[in-house]
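For what it's worth, my numbering labels the leading residue of the sequence shown as -10, then goes sequentially.
Note that CB positions come from ideal geometry on N, CA and C, so glycine has one too.
Scroll down for the structure; my scribbles are underneath it.
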Amino acid sequence: MTVILGLESSCDDSAVALVTADRRILAQAVVGQNSAHQPYGGVVPEIAARAHVEILPSLIRKVLDDAKLSIQDVDAVAATAGPGLIGGVMVALLAGKGLALSAGKPLIAVNHLEGHALSPRLADPDLQFPYLLLLVSGGHCQLLEVTGVGDYRRLATTIDDAAGEAFDKAAKLLGLPYPGGPAIEQLAKDGSADAVPLPRPLVGSGEPHFSFAGLKSAVQRAVVSGDFAPADLAASFQQAVVDCLVDRTRLALERSDAPALVVAGGVAANQAIRSALEELAARYHRRFSVPPGWLCTDNAAMIAWAGAERFTRGDCDGLEAPARARWPLDETADKVRGAGVKA
Ligand code: KG4
Ligand code: ZN
-10 MTVILGLESS
0 CDDSAVALVT
10 ADRRILAQAV
20 VGQNSAHQPY
30 GGVVPEIAAR
40 AHVEILPSLI
50 RKVLDDAKLS
60 IQDVDAVAAT
70 AGPGLIGGVM
80 VALLAGKGLA
90 LSAGKPLIAV
100 NHLEGHALSP
110 RLADPDLQFP
120 YLLLLVSGGH
130 CQLLEVTGVG
140 DYRRLATTID
150 DAAGEAFDKA
160 AKLLGLPYPG
170 GPAIEQLAKD
180 GSADAVPLPR
190 PLVGSGEPHF
200 SFAGLKSAVQ
210 RAVVSGDFAP
220 ADLAASFQQA
230 VVDCLVDRTR
240 LALERSDAPA
250 LVVAGGVAAN
260 QAIRSALEEL
270 AARYHRRFSV
280 PPGWLCTDNA
290 AMIAWAGAER
300 FTRGDCDGLE
310 APARARWPLD
320 ETADKVRGAG
330 VKA
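Structure follows, in structure tokens:
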């Protein structure tokens, strides 16, 4: 039995998990920091890093105890090494290095995006490479062809905001708590998706890229106008995001021979988005796979699993592995006009 310890602290969730190479989750824990960041309406990097330092050691102890294992029973330590808020990234990576060094275990420095990208294979044993991946999180919105572990070709990215960022900004405008995605999804249940006319940026354009900044501005104007009920705004905004994701993914499907469509990242926890993409996959005769909601939002099981995928291929890192604020999955992808730092 190959056991991997996974550590995650790249944003506002501290997480630890023990996962086996045959897909068993022996134990895991995730502690969010929502209340610490809520007064600011977004994640404050300094507060996040300090909170990771305070919580991560006790989570490691708890997860090992829950699984009735010691660090000596672990085959490798997988820690997120980026991309993310650098102060937070360093917490899990340095903890991982310390554990690996003291216990004489290999270290695997995991790309957080690779964690999301491979997470569907943890939940879905029959999911084979290649697949077309829609990766939608707070910091990223990309379409990638996943051909194997470490083998990613980016077909599209966002030219401004990520999808989760759009949910968070729209929620803030509506006076909803952070993180905005779950709050908007909840409120949207009481609203009408066609009550508020909102734009679908880039829908119909010739490349499958994304844009959400104009949608956020339109929500802002609608809120200021005072003409619409919050639930109608939430439902109409969510529908606009669904329509953008479906149209852009459709274009990518038309350009890809991959037999499966896969969705991952925090925004993939959204039920309306899951259903719409499942329908799209069926229309294009592709297999559809999306992890359970808890595996879509940040967690350490996906980091341990990405570690397991790499460990079984003999792919480990030295203790000099750097922490990286920016770390694109496809280093060769062209820069897209309008795209900022989002890789
Ligand atoms: O993957 P994740 O947990 O962290 C990053 O790597 O960014 O994604 C967090 C993002 C946040 O923007 C949050 O609002 C969004 O995922 N999110 C959702 C839902 N749950 C989380 N967006 C829409 N609907 C949801 N149910
Ligand atoms: Zn994430």
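- DSSP beta-bridge partners of SER3: In the DSSP output, where bridge partners are listed per residue, SER3 has VAL20.
- Query: Under a three-way DSSP split, which group does TYR141 fall into?
  - Reply: If DSSP states are grouped into helix, strand and coil, TYR141 belongs with the strands.
- When we look at the beta-carbon of GLY255 and count the other beta-carbons within 10 Å, is it buried (16 or more) or exposed? Answer is buried; the Cβ neighbour count reaches 16.
- Message: Is any non-hydrogen atom of the ligand FMN found closer than 7 Å to the C-beta of HIS101, if you look at the structure I gave you?
- Response: For the structure depicted, the ligand FMN is absent and the ligand set comprises only the ligand KG4 and the ligand ZN.
- Does the separation of the CB atoms of ALA253 and PRO119 fall below 8 Å? The Cβ atoms of ALA253 and PRO119 lie no closer than 8 Å to each other.
- Task: Pick helix, strand or coil for ASP323, following the three-state DSSP scheme.
- Result: Coil, per DSSP.
- Measure the alpha-carbon distance for ALA332 versus ALA106 and round it to whole angstroms. The predicted model places ALA332 with a pLDDT of 44, which falls under 50 and marks its position as unreliable; any figure quoted below should be read in that light. When only Cα atoms are considered, ALA332 and ALA106 end up about 14 Å apart.
- Under 5 Å, CB to nearest heavy atom of the ligand KG4: contacting residues: Taking each Cβ in turn, the ones that pass are SER126, GLY127, GLY128, GLY153, PHE156, ASP157, PRO168, GLY169, GLY170, PRO171, GLU174, GLY254, GLY255, VAL256, ALA258, ASN259, THR286, ASP287.
- Query: Expressed to the nearest angstrom, what Euclidean distance is found between the alpha-carbon atoms of ALA271 and GLU309?
  - Reply: For ALA271 and GLU309, the distance between alpha carbons rounds to 45 Å.
- Among the residues of its own chain, which have a CB less than 6 Å from the CB of ASP232, if the five just before and after it don't count? Within the same chain, ASP232 has close Cβ partners ARG189.
- Query: Would you say the stretch 210 to 224 touches the stretch 80 to 89, given that touching needs at least three Cβ pairs under 8 Å?
  - Reply: No, the stretch 210 to 224 does not touch the stretch 80 to 89.
- Query: Going by the C-beta, is HIS26 closer than 7 Å to any heavy atom of the ligand ZN?
  - Reply: Relative to the ligand ZN, even the nearest heavy atom lies 7 Å or more away from the CB of HIS26.
- Please work out which residues of its chain come closer than 8 Å, Cβ to Cβ, to GLY337, disregarding the five sequence neighbours upstream and downstream, and give them in chain order. Past the edges of the chain, shown from -10 to 332, lies residue 337, and the structure says nothing about it.
- What number of angstroms, rounded off, separates the C-alpha of GLY289 from the C-alpha of GLN27? The sequence given here places Ala at residue 289; Gly does not occur at that position. C-alpha separation (whole angstroms): 23 Å.
- Query: the ligand ZN heavy atoms versus the CB of HIS41: any closer than 7 Å?
  - Reply: Not under cutoff, so the answer is no.
- CA nearest to the CA of ALA152, picked from LEU162, ALA160, GLY128, TYR167: With distances taken between Cα atoms, ALA152 lies closest to GLY128.
- Message: If you reduce the DSSP assignment to three classes, tell me which class ALA38 lands in.
- Response: Helix.
- Do the stretch 183 to 202 and the stretch 231 to 247 meet, that is, are 3 or more Cβ pairs less than 8 Å apart? Judged by Cβ distances under 8 Å, the stretch 183 to 202 makes contact with the stretch 231 to 247, as three or more pairs qualify.
- Task: Report the rounded CA-to-CA distance for ILE36 versus GLU243, giving the unit in angstroms.
- Result: One C-alpha to the other measures close to 44 Å.
- Task: Over the uninterrupted beta strand (DSSP E) stretch that includes ILE(-7), give me the two end residues.
- Result: Bounds of the beta strand (DSSP E) holding ILE(-7) are -8 to -3.
- What first and last residue would you give for the alpha helix (DSSP H) that runs through ARG239? According to the DSSP assignment, ARG239 belongs to the alpha helix (DSSP H) that extends over 219 to 243.
- Same chain, Cβ closer than 6 Å to TRP316, five either side skipped, listed in chain order: These residues qualify, in order along the chain: GLY71, PRO72, ASN100.
- Assuming ASP304 contacts GLU(-3) under a Cβ cut-off of 8 Å, what Cβ separation, rounded to an integer in Å, is found between them? For ASP304 against GLU(-3), the beta-carbon gap comes to about 19 Å, at or over 8 Å, which does not count as contact.
- What number of angstroms, rounded off, separates the C-alpha of GLN17 from the C-alpha of VAL279? Taking the CA atoms as reference points, GLN17 sits about 20 Å from VAL279.
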